[in-house]
Amino acid sequence: MFGSGLLALLPLLAQATGESPLCDTGNFHAFLDAYAGRDACALSYLTQPWPDVEVWREQGRAKMAELLAYRPESAPLDAEIMESRQQEGYVRHKVRYQVTADRWTEAYLLIPDGLTAPAPAVMALHCHSGYYYFGKEKVVATEHPPQVLQGLIDQTYGGRTFGDELARRGFVVLAPDAFYFGSQRLDPDMLPPHFMPDLKKHKRGSDAYIRAFHMYASAHETLTAKTIFTAGTTWPGILFQGDRASLDYLLTRPEVDPERIGCMGLSIGGFRAAHLFGLDPRVKAAVAAGWMTTYRALLCNHLRNHTWMIYVPGQYAWLDLPDVATLNAPQPLMIINCSKDSLFTMDGMQAAEAKIAEVYRRLGAADHFQCNYYDEPHSLKIPAQDDAIAWLERWLK
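In this note's numbering, the protein residues as written are 12 to 408.
Next comes the structure, spelled out in structure tokens:
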């Protein structure tokens with residue numbers, strides 16, 4: 012069995028020798044790729060004429076709701092503020108609320124100082140990065156962060172958490188923990204002991220404990236995904252429902268102008284941002300960073316490094332990832348890509364960009380879409396953050 016490092020090198024070695032890359036599914040790839048290309052993306056705005064754009068939106072959103080297959084019973088938010096701290100230019104509240112009758116989440120709510128009227132607000136959606144112990148703390152600064160968390164912030168965000176920067180620039184910010192992260196992470200005390208045997212060797216909350224937890228939680232994604240599918244639902248369905256419940260909470264806040272809501276995220280946060288924007292018309296502008304491609308471009312050898320959290324069985328027959336994002340067009344959308352991002356092919360990123368751009372062009376709003384590329388690996392560093400925030404300021408302020 013190849014190690015992941017050698018697997019990652021195979022496409023590069025093939026390029027160096029001028030050969031077509033060998034695909035991770037070997038002799039199975041050809042028929043799977045052919046199947047993916049058969050009658051794909053039937054509900055894309057570009058697949059057929061849509062005389063009534065609202066009919067297209069309704070059909071696309073209804074199909075995604077069917078495929079996501081997660082419709083828990085509604086529950087009151089029962090929100091509470093757990094703590095509040097004055098920061099430079101804003102107050103940071105830790106809040107807690109129900110996302111379903113069975114689950115709660117925590118979030119950071121940032122309220123800028125000196126508000127005299129309802130303000131624009133942004134959902135700050137955290138990344139995956141294999142760091143399950145944390146959620147909201149990846150995008151909102153905390154006191155005395157563990158070394159392992161600070162290392163992620165330095166490497167991935169250029170040392171600056173973008174939630175705080177949004178608040179300093181006058182946005183109300185809500186940064187919720189997603190399912191399987193932070194306050195919603197896997198509880199090792201509720202597992203059979205053989206699943207995480209080494210955790211008890213370390214002090215809970217120490218860097219060593221957190222690193223061990225990340226390793227076991229990563230391995231446990233497979234079993235969690237199997238269980239989710241067997242239960243009749245999907246992991247993205249659970250994620251997106253949680254984000255929409257968080258949006259419900261944000262809209263209860265008197266500091267927020269409900270007509271000026273945006274969302275922004277990197278990686279799985281970008282995946283969530285693209286879907287929250289596309290599926291919920293309450294979101295008026297979005298930035299999706301580090302997660303835009305065509306799904307077919309991933310098939311050969313770009314799924315190996317991806318999480319179990321992104322798969323919606325049957326979706327590609329109806330809507331590609333860029334198609335979902337366009338369901339809210341012509342509302343403003345920015346895509347941020349990194350040219351050295353090993354999670355995606357350049358062809359896939361550019362094909363998705365072209366698809367989205369064409370939808371906006373046909374809707375007479377070409378200037379409402381922008382796609383930027385940065386000469387970086389998978390990240391959202393300060394120059395990209397500044398461009399993203401400027402985009403949200405342009406459309407929401």
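Ideal Cβ placement from N, Cα and C applies to all residues, glycine included. The structure displayed is predicted, hence computed values, not measured ones.
DSSP places Arg222 in the uninterrupted alpha helix (DSSP H) bounded by Asp218 to Thr241. Met303 sits buried, since 16 or more C-beta atoms from the chains shown fall within 10 Å of its C-beta.
Under DSSP, the beta-bridge partners assigned to Lys105 are Glu94 and Tyr119. The residues Cys52, Thr305 and Tyr306, in chain order, have a CB closer than 6 angstroms to that of Asp331 in the same chain once the five nearest residues on each side in sequence are set aside.
Counting the other CB atoms within 10 Å of its CB gives Ser95 a total below 16, which places it among the exposed residues. Taking 7 angstroms as the cut-off, the beta carbon of Ala340 is found no closer than this to the beta carbon of Leu290. For Cys349, the closest alpha carbon among the candidates Ile367, Gly301 and Lys366 is that of Gly301. DSSP places Arg271 inside the beta strand (DSSP E), whose first and last residues are Val267 to Leu277.
Rounded to the nearest whole angstrom, the C-alpha separation of Pro83 and Gln195 is 17 angstroms.
In terms of Cβ geometry, Thr172 and Ala189 do not form a close pair [threshold 7 angstroms]. Residue nearest to Asp358 within the set Leu309, His104 and Leu258 is Leu309 (criterion: CA-CA distance).
Around the beta-carbon of Ile393, fewer than 16 other beta-carbon atoms lie within 10 Å, marking it exposed. Boundaries of the beta strand (DSSP E) harbouring Ala297: Ala296 to Ala300, taken from the DSSP string. When C-alpha distances from Tyr81 are compared across Trp319, Arg255 and Ala363, the shortest belongs to Arg255. Counting along the chain, Tyr168 sits inside the alpha helix (DSSP H) bounded by residues Gln158 to Tyr168. In this structure, Tyr101 places its C-beta atom within 7 angstroms of the C-beta atom of Leu121. Of Lys214, Leu57, Pro32 and Gly48, the smallest CA-CA separation from Val370 is found for Leu57.
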